[in-house]
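Protein sequence lines correspond, in order, to chains X and H. Mapping to full-length UniProt numbering: the first sequence position 427 is 427, numbers consecutive. Mapping to full-length UniProt numbering: the second sequence position 270 is 270, numbers consecutive. Glycine residues also receive a C-beta, built at the ideal position from the N, C-alpha and C atoms. One structure is given below, encoded as structure tokens.
Protein chains: 2
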Amino acid sequence: MYNEKDEKYLDCINNVAHVGHCHPDVVEAGSKQMELLNTNSRFLHDNLVLYAQRLQATLPEKLSVCYFVNSGSEANDLALRLAWQYTGHKDIITLENAYHGHVSSLIDISPYKFHQMAGAEQNQHVHVALSPDIYRGKYCEDHPDPATAYAENVKDIIEQAHKKGRKIAAFIAESLQSCGGQVIPPVGYFQKVAQHVRNAGGIFIADEVQVGFGRVGTHFWGFQLQGEDFVPDIVTMGKPIGNGHPMSCVITTREVAERFMSSGMEYFNTFGGNPVSCAIGLAVLDVIEKEDLQGNALHVGGYLTQLLDDLKKKHPLVGDGPWPVCWVGPGKKTGIRGHLPLQKLRILKEQRILLSADGPHRNVLKFKPPMCFSREDAELVVEKIDQILTDLEKTLGLQMSEAVISENGHTKRKEPSDENGLVHPSVGSGHKHTGTLPHNKKKLKTL
Amino acid sequence: MYNEKDEKYLDCINNVAHVGHCHPDVVEAGSKQMELLNTNSRFLHDNLVLYAQRLQATLPEKLSVCYFVNSGSEANDLALRLAWQYTGHKDIITLENAYHGHVSSLIDISPYKFHQMAGAEQNQHVHVALSPDIYRGKYCEDHPDPATAYAENVKDIIEQAHKKGRKIAAFIAESLQSCGGQVIPPVGYFQKVAQHVRNAGGIFIADEVQVGFGRVGTHFWGFQLQGEDFVPDIVTMGKPIGNGHPMSCVITTREVAERFMSSGMEYFNTFGGNPVSCAIGLAVLDVIEKEDLQGNALHVGGYLTQLLDDLKKKHPLVGDGPWPVCWVGPGKKTGIRGHLPLQKLRILKEQRILLSADGPHRNVLKFKPPMCFSREDAELVVEKIDQILTDLEKTLGLQMSEAVISENGHTKRKEPSDENGLVHPSVGSGHKHTGTLPHNKKKLKTL
Numbered sequence: 001m002y003n004e005k006d007e008k009y010l011d012c013i014n015n016v017a018h019v020g021h022c023h024p025d026v027v028e029a030g031s032k033q034m035e036l037l038n039t040n041s042r043f044l045h046d047n048l049v050l051y052a053q054r055l056q057a058t059l060p061e062k063l064s065v066c067y068f069v070n071s072g073s074e075a076n077d078l079a080l081r082l083a084w085q086y087t088g089h090k091d092i093i094t095l096e097n098a099y100h101g102h103v104s105s106l107i108d109i110s111p112y113k114f115h116q117m118a119g120a121e122q123n124q125h126v127h128v129a130l131s132p133d134i135y136r137g138k139y140c141e142d143h144p145d146p147a148t149a150y151a152e153n154v155k156d157i158i159e160q161a162h163k164k165g166r167k168i169a170a171f172i173a174e175s176l177q178s179c180g181g182q183v184i185p186p187v188g189y190f191q192k193v194a195q196h197v198r199n200a201g202g203i204f205i206a207d208e209v210q211v212g213f214g215r216v217g218t219h220f221w222g223f224q225l226q227g228e229d230f231v232p233d234i235v236t237m238g239k240p241i242g243n244g245h246p247m248s249c250v251i252t253t254r255e256v257a258e259r260f261m262s263s264g265m266e267y268f269n270t271f272g273g274n275p276v277s278c279a280i281g282l283a284v285l286d287v288i289e290k291e292d293l294q295g296n297a298l299h300v301g302g303y304l305t306q307l308l309d310d311l312k313k314k315h316p317l318v319g320d321g322p323w324p325v326c327w328v329g330p331g332k333k334t335g336i337r338g339h340l341p342l343q344k345l346r347i348l349k350e351q352r353i354l355l356s357a358d359g360p361h362r363n364v365l366k367f368k369p370p371m372c373f374s375r376e377d378a379e380l381v382v383e384k385i386d387q388i389l390t391d392l393e394k395t396l397g398l399q400m401s402e403a404v405i406s407e408n409g410h411t412k413r414k415e416p417s418d419e420n421g422l423v424h425p426s427v428g429s430g431h432k433h434t435g436t437l438p439h440n441k442k443k444l445k446t447l
Numbered sequence: 001m002y003n004e005k006d007e008k009y010l011d012c013i014n015n016v017a018h019v020g021h022c023h024p025d026v027v028e029a030g031s032k033q034m035e036l037l038n039t040n041s042r043f044l045h046d047n048l049v050l051y052a053q054r055l056q057a058t059l060p061e062k063l064s065v066c067y068f069v070n071s072g073s074e075a076n077d078l079a080l081r082l083a084w085q086y087t088g089h090k091d092i093i094t095l096e097n098a099y100h101g102h103v104s105s106l107i108d109i110s111p112y113k114f115h116q117m118a119g120a121e122q123n124q125h126v127h128v129a130l131s132p133d134i135y136r137g138k139y140c141e142d143h144p145d146p147a148t149a150y151a152e153n154v155k156d157i158i159e160q161a162h163k164k165g166r167k168i169a170a171f172i173a174e175s176l177q178s179c180g181g182q183v184i185p186p187v188g189y190f191q192k193v194a195q196h197v198r199n200a201g202g203i204f205i206a207d208e209v210q211v212g213f214g215r216v217g218t219h220f221w222g223f224q225l226q227g228e229d230f231v232p233d234i235v236t237m238g239k240p241i242g243n244g245h246p247m248s249c250v251i252t253t254r255e256v257a258e259r260f261m262s263s264g265m266e267y268f269n270t271f272g273g274n275p276v277s278c279a280i281g282l283a284v285l286d287v288i289e290k291e292d293l294q295g296n297a298l299h300v301g302g303y304l305t306q307l308l309d310d311l312k313k314k315h316p317l318v319g320d321g322p323w324p325v326c327w328v329g330p331g332k333k334t335g336i337r338g339h340l341p342l343q344k345l346r347i348l349k350e351q352r353i354l355l356s357a358d359g360p361h362r363n364v365l366k367f368k369p370p371m372c373f374s375r376e377d378a379e380l381v382v383e384k385i386d387q388i389l390t391d392l393e394k395t396l397g398l399q400m401s402e403a404v405i406s407e408n409g410h411t412k413r414k415e416p417s418d419e420n421g422l423v424h425p426s427v428g429s430g431h432k433h434t435g436t437l438p439h440n441k442k443k444l445k446t447l
């Protein structure tokens, strides 16, 4: 990316510009179709059918009906409507810290959002399950079977809901939780959750808005990390799908779609699936394939993980997590977690590197670069992070004794400014962390 | 428009392709910006500010804060969120037959949609007011003051809601009802409704998604037909705003925006207000101005109205409404309304003219062509309609005695096929209609 002074930035966060900013093939496809025809979806157009076929081919056969919409929010809202109509039930199970979009129905199921609001009440039809986080969550790597344990929590929620006479329409989760802190659920968790939810008459919605389209490297979709035996009932897509063009998609089974259609209410979306959006969507798929960007994600993602793993060994500030994206502040050995000072990201920005932080404590570095990210890019960003950590640890050496450690995991925040106006990391909430992970076997698979 | 065989069609309905299909200025603006930079709205870009300023300049000064989103549905959903947050109230008053979008919160307030669904229940926080239709509605042209009478209905609804302990957040209406049957509210209605709603602590949302951007000819926005003294609290935009590009906008007052911001919940929309969307939006405004498309709407719209008025005098099938867009079937003199046979639109399509029908009985012809529609285009479509009406009336001459007339306005439908497989108009629900309108003084102002 370049700023208005034509200064170059390394973009490590723009998962919307999926195949690279202004990719010429995508620009050409969009421009050509804009010149030829763009109209609302009351008109049939070949692009619509061609694109639906191409998208469908990336998914298990059962997921065969596409609805084209304009944003991840429209996609997730439609997924809820499909679930409500298909099941005749109302209740939705969502995860802690989840974010699924900005329209009102999705604020309801996004603890990441509704917890921001003073005095917000959780809607009665919404149930919040434990985040399947094996680093900071209730069941960590030292637990014999965290996948089953977290899925049991969903089962408990269903049973509690049933006791109140409520009925489950759907479980919704990102295949890897993004804003919630880049949480990768343990393998087998989705299968077990799906079983509990389907037993209760509900369906499983996999939100791939942030993580789909080859980013996980080994697979095209994030949910496929759970294994071949897992197929969601609905998959929603968004951000990367059009390399920045406002478009998105919901894909579901014939059964769900037919029940929705039989309600008598026509689904119509003015811009969804217009010829330009479909042409752009097709071009994005072509580029991913032609440039083997999924392969690049696997390759460079693995390399970046290795570089960050080295940082972890070197720096006490980097957390001892199953993947090396957690900065947890001083004291990782004793299980005390810290606040990532967001100011440090500003230092990176001054050095022309765009990076951001996620998670409930904003202390997880988020890497979601365009998929053309190179080994050299990885080296550059890690080198800069290395330097910042070194400087920060030097300063913190003077400050560490001030850290207030609390036994019960609650925090007394202390964020004194240093002479440069920088805020030092305070001590975050912390569970005792004793796991010894074979890190090399749990590389971060996402770019 | 051209089909896949390169055959030319006259498009009388595509209000999305507002400044004309594939307008070169719009295509160029979009292509250029796509080449230069398209990114999500975490990044600031001049286009965003420039576009907000240009849009704001078309509106009363009080409406000064823009939120850029991706569709009319996203805009109306955000309008509801703003209203809920600003007022602290929950209830929404909407109009009969209203359509405000496809996300779940909007299905709730769209009788046009939720009535399609078998067994759909009206949400408790939703109240449906009479459509201010002075042709087919409760208070017609023969009423001394339909504006006040319809507004009183809203006041009654508010009082009933208050008796149940409920509180009004907003009244929402299209400035001219579209899917609801191209209903133009009597002048003064919005002012009176706004007064009642504001007295109850609620706000007024004007939905300009289908009717804004100069289409009404005399003004840039539909709500301005109500007079200079009327300013909504929120205006939502959509379809024509990007000439087909998926984008839209919510504009509100500083007071409403500040209350929303103070909730603590950040509003973020990935694609909303991206540099490409803003470039396209700016180009659309430029073309409207440069080609005086608002002036063309006034001029050609007036001419089309005159031509249709002539048809009305000639053909018993055309309703005697305040504007000549209603086809009401046989018997207009005695107040019996009919069903527009949609098959007739197919005949038009075979003749390469795209027209559609709207309203609860699908018997109102909808003219919403691109704004470059010409006098010659108007003549062509009216000539074709003339011919279809002549043929249809010839056939109906044999059938009129079979029309089943009901005293209480309810209908016993009869739709026998003629030898050509065409369905004849049945007798629709009918209020006695005795008004004698000075038609020349009530021209249809919309293209």
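The criterion of a C-beta distance shorter than 8 Å is satisfied by H/Phe204 and H/Asp233.
For X/Glu174, the secondary structure class from DSSP, reduced to helix, strand or coil, is strand.
Leaving aside the five residues that flank H/Ile388 on each side, the residues in its chain whose CB is nearer than 8 Å to its CB run, in chain order, Lys344, Ile347 and Leu348.
Neighbours of H/Tyr267 in chain X, taken as residues whose beta carbon is under 9 Å from its own, are His102 in chain order. Taking 8 Å as the upper bound for CB-CB distance, H/Tyr9 and H/Ile353 are in contact here, some 7 Å apart. With contact defined as three or more Cβ pairs closer than 8 Å, the stretch 87-94 of chain X and the stretch 191-211 of chain X are in contact. Going by C-alpha positions, X/Ala129 is about 6 Å away from X/Val154.
Under the three-state reduction of DSSP, H/Phe271 is assigned to coil, being neither helix nor strand. Listed along chain H, the residues sitting closer than 9 Å to X/Asn14 by beta-carbon distance are Thr39, Asn40, Arg42 and Phe43.
In this structure, H/Val69 lies away from H/Asn243, with their beta-carbon atoms at least 8 Å apart. Within chain H, Met34, Glu35, Leu36, Leu37 and Asn38 have C-beta atoms less than 9 Å from the C-beta of X/Cys22, given in sequence order. Note on geometry: alpha-carbon atoms of H/Tyr139 and H/Ala151 lie some 11 Å from one another. Between X/Ala29 and X/Ile280, the C-beta gap is smaller than 8 Å, which places the two residues in contact.
For the stretch 224-278 of chain X, the continuous beta strand (DSSP E) assignments of 3+ residues that do not extend past its boundaries occur at 234-237 and 248-253, in sequence order. Residue state for H/Asp358 is assigned as strand, using DSSP reduced to three classes. Residue-level contact by beta carbon holds for X/Gln116 and chain H, with a gap shorter than 8 Å. By the C-beta density criterion, X/Lys394 is exposed, having fewer than 16 other C-beta atoms within 10 angstroms.
For X/Leu396, the uninterrupted alpha helix (DSSP H) run begins and ends at Arg375 to Gln399, by DSSP. Cβ proximity to chain X below 8 Å picks out Gly238, Lys239, Asn243, Gly244, His245, Pro246, Met247 and Ser263 from the stretch 236-263 of chain H. What X/Arg81 touches in chain H, judged by beta-carbon distance under 9 Å, is His102, Val103, Ser104 and Ile107, going in chain order. The beta carbon of X/Glu379 is closer than 8 Å to those of Leu307 in its chain, skipping five residues each way along the sequence. The DSSP-derived three-state label of H/Val193 is helix.
For the C-beta of X/Val27, the chain H residues within less than 8 Å are, from N- to C-terminus, Ser31, Met34 and Glu35. Separation of X/Pro146 and X/Phe223 (C-alpha to C-alpha, rounded to the nearest whole angstrom) is 17 Å. DSSP places X/Asp310 within a helical segment (H, G or I) once states are collapsed to three. In the DSSP assignment, X/Lys113 falls within the alpha helix (DSSP H) that extends over Pro111 to Phe114. Ranked by Cα distance from H/Leu298, the options H/Leu311, H/Tyr99, H/Asp286 and H/His219 are led by H/His219.
Between the stretch 34-54 of chain X and the stretch 51-64 of chain H there are fewer than three C-beta pairs closer than 8 Å, too few to call the two in contact. Per DSSP, the unbroken beta strand (DSSP E) holding X/Ser64 starts and ends at Leu63 to Val69. Counting only residues of its own chain and dropping the five nearest sequence neighbours on each side, X/Cys372 has a CB closer than 6 Å to the CB of Gly20. The CB of X/Asp386 never comes closer than 7 Å to any CB in chain H; the least such distance is about 25 Å. DSSP places X/Asp25 inside the alpha helix (DSSP H), whose first and last residues are Pro24 to Leu36. Residues of chain X whose Cβ lies closer than 9 Å to the Cβ of H/Ser175 do not exist; the shortest such Cβ separation is about 18 Å. DSSP places H/Leu317 outside both helix and strand once states are collapsed to three, so it counts as coil.
Listed along the chain, the chain H residues whose CB falls inside 7 Å of the CB of X/Ala17 are Thr39.
Beyond the five residues adjoining it in sequence on each side, X/Gln294 comes within less than 6 Å, by CB distance, of Gly214 in the same chain, given in chain order.
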